[in-house]
Amino acid sequence: MGEERRGSRNSRTVVVEMFVIGTVASLAGIALGSAIEWFPAQASSQAGPIDTLWDVLVICSVPIFVGVVIVVVYAALLFRQRPGEENLDGPPIHGNTTIEIVWTVLPALLLVVLCVYAYVVLLDIEQKPAQAATPEMKIDVYGEQFAWTFKYAGANGKPFTTTQLYLPQDRSVKFDVHSKDVIHDFWVPAFRMKIDAVPGITTAYRVTPTKLGIYPVVCAELCGLGHAYMRQTARVLPTDAFDTWLEKESAEDNPPAGGKPVAGGATGATGGGGSDAAEGDAG
Ligand SMILES: [Cu+2]
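First residue of the sequence shown? That's 124 in my numbering, and the numbers climb one at a time after it.
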């Protein structure tokens, strides 16, 4: 009978075996998960805490995945139907209250702890930096099919709009995000933060760019046929280079009375939609 074969291995031995295999597989999985470079360079002060949160989630998820798979595989092997058992009933099994309490309480506790941790991280990175050596800068971001435009307050109170996102290093920037048509999502992966651009409302987040360089700006919400091409760049510059750029752009977009705005300068490199938006927004 099947019962004899099933009983041939002590159930305690099986549990120990599962536990050992599970531990080894979990450690291997965590090592693999930690070795993978999941994200681009950390280019903002928000990136570090988010990457740490990710690592914690990987470390917690791998043993759960391994545990579930091991139980499923062992159950399928140990309790499978043998030849000759086709017409037998399954054994009458009653619930096990202890196990049910354990597998309800443990995941619930884990979820609560991880949710609280994630919430604290989010609150923390969304805070306006306290040590305000330089005042926070505000940039209005406009999403439309299929380009981003950025409106700066400008130097000397001369606002201007551009399709190129320039940012000063080590200064907090608050993005007020708008949409002119459908839902988009403003995302610079190197900064880690992202938020939907929703018609009719203004959403916002802030980052403090910490690393000089050029990083992709991506739309992260399927917004139409050109969605995949809704990509531009964010350039993080040293403060003085940024100030120079800001003054130049402010001067260019605000010619003396009678002059015609020149849609040239900043709009060339990043692709479509730039000059139209620049004129529309500046007015
Ligand atoms: Cu999109």
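Virtual Cβ for every residue (Gly too), placed ideally from N, Cα, C. Model, not experiment: these values are computed from the prediction.
{"Item": "Assuming V196 contacts G156 under a Cβ cut-off of 8 Å, what Cβ separation, rounded to an integer in Å, is found between them?", "Value": "Not a contact, Cβ separation roughly 21 Å."}
{"Item": "Kindly indicate which three-state DSSP category T325 falls into: helix, strand or coil?", "Value": "coil"}
{"Item": "Determine the closest residue to E370 out of A278, V244, Q292 and D178, with distance taken between C-alpha atoms.", "Value": "A278"}
{"Item": "Can you tell me where the alpha helix (DSSP H) with S149 in it begins and where it stops?", "Value": "S134 to A158"}
{"Item": "Where does V228 land, buried or exposed, given buried means 16+ other C-beta within 10 angstroms?", "Value": "exposed"}
{"Item": "Can you give the Cα-Cα distance for D299 and F309, rounded to whole angstroms?", "Value": "10 Å"}
{"Item": "Roughly how many angstroms separate the alpha carbons of G388 and A374, rounded to a whole number?", "Value": "Residue placement at G388 is poorly supported in this model, since its pLDDT is 40, which falls under 50; the coordinates are not used for a value here."}
{"Item": "Beta-carbon within less than 6 Å of V244's beta-carbon, same chain only, minus the 5 sequence neighbours each way: which residues are those?", "Value": "P172 and L176"}
{"Item": "Cβ of H301 versus every heavy atom of ligand 1: is any distance shorter than 7 Å?", "Value": "no"}
{"Item": "Could you tell me which residues DSSP pairs with G336 in its beta bridges?", "Value": "V359"}
{"Item": "Determine the extent of the alpha helix (DSSP H) in which L348 is found, giving its start and end residues.", "Value": "Note, L348: premise wrong, no alpha helix (DSSP H); not H, not E."}
{"Item": "So, T356 versus Y338, is the Cβ gap smaller than 8 Å?", "Value": "yes"}
{"Item": "Does the distance from the C-beta atom of S302 to that of P282 stay below 8 Å?", "Value": "no"}
{"Item": "Which partner residues does V264 have in the DSSP bridge list?", "Value": "F273 and V300"}
{"Item": "Looking at C-beta atoms only, is the number of pairs between the region 135-146 and the region 161-168 that lie closer than 8 Å three or more?", "Value": "no"}
{"Item": "Identify whether L290 lies in helix, strand or coil by the three-state DSSP scheme.", "Value": "strand"}
{"Item": "Give a yes or no on whether the minimum CB-CB distance between A351 and chain C is below 8 Å.", "Value": "This model lacks chain C altogether; it includes just one protein chain."}
{"Item": "Excluding the 5 residues flanking I153 on each side, which residues of the same chain have their C-beta closer than 6 Å to its C-beta?", "Value": "I182 and V185"}
{"Item": "Can K297 and K261 be called in contact, C-beta distance under 8 Å?", "Value": "yes"}
{"Item": "Looking only at C-alpha atoms, which of W271, P291, I216 and D304 sits nearest to V340?", "Value": "W271"}
{"Item": "Leaving out five residues before and five after E140 in sequence, what residues of the same chain have Cβ atoms less than 7 Å from its Cβ?", "Value": "none"}
{"Item": "Mind reading off the beta-carbon distance from R358 to L246? Whole number of angstroms is fine, and I expect it under 8 Å.", "Value": "Actually they do not touch by this definition, with Cβ atoms about 29 Å apart."}
{"Item": "Quick check: the Cα distance between R294 and D366, rounded to an integer number of angstroms?", "Value": "12 Å"}
{"Item": "The beta strand (DSSP E) spanning V310 covers which residue range?", "Value": "A small fix is needed here, since residue 310 is Trp in this sequence, not Val. H307 to W310 is the extent of the beta strand (DSSP E) around W310."}
{"Item": "Within this structure, are the beta carbons of V189 and S149 separated by less than 8 Å?", "Value": "yes"}
{"Item": "By the 10 Å Cβ neighbour count, where 16 or more other Cβ atoms means buried, how is H307 classified, buried or exposed?", "Value": "buried"}
{"Item": "Got a sec? Which residues, its chain only, sit under 7 Å from H350 by beta carbon, not counting five neighbours each side?", "Value": "F269 and C342"}
{"Item": "Just the Cα atoms here: how many angstroms apart are Q169 and A313?", "Value": "10 Å"}
{"Item": "Would you mind working out which of L201, D263, W368 and L348 sits nearest T325, comparing C-alpha positions?", "Value": "D263"}
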